[in-house]
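Before any comments, here is the structure.
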Amino acid sequence: CGHGIGRGFHEDPQVLHYGRRGEGLVLEPGMTFPIEPMINAGRRHTRLNQKDGWTVTTRDGRLSAQWEHTLAVTDDGCEVLTRRSEETFA
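So the mapping is simple: this note's numbering equals the position in the sequence shown, first residue as 1, plus 79.
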C-alpha cells in the first residue's frame, strides 16, 4: 500500500490500493503520499524479509514487479510529483 510522506520517509496514513467509495481515508488537498502498486504473476500474498525489514517477495515465489510515484492531493485532483518528462497519464 501507499503511505504518508513528509518529515519522515514512511508515515501514517497507510493508503490502500482498493476500497469502496465513501469508506476509508478521505483524501484532502495538501496531503502527499506515494502509491506503490505491485503486479504479481502468482497470488497476491507477500512476505517481508525479517533480516532487512524492507525487501518484499511473493509467498508463492512467483515473479513480481513494483512501481512507485508520489502524489500531491490538490483542489482539482492530484499532481504526480515524481512524473518524468517522458511519461504521460491518461
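We treat Cβ as the ideally placed atom computed from N, Cα and C, and that holds for glycine.
For clarity, every value in this text was computed on a predicted model and none was experimentally measured.
- Beta-bridge partners assigned by DSSP to Val-94: Gly-81.
- The continuous beta strand (DSSP E) containing Pro-113 extends over residues 111-114.
- Between the region 115-130 and the region 140-149, the count of Cβ pairs shorter than 8 Å is three or higher; the stretches touch.
- Trp-133 and His-89 have their alpha carbons spaced roughly 12 Å apart.
- Boundaries of the beta strand (DSSP E) harbouring Gln-145: 143-145, taken from the DSSP string.
- If the five residues before and after Cys-157 are omitted, its C-beta is found closer than 6 Å to the C-beta atoms of Leu-150, all from its own chain and listed in chain order.
- Residues Gly-83 of the same chain have their beta carbon placed closer than 7 Å to that of Asp-91, with the five preceding and five following residues left out of the count.
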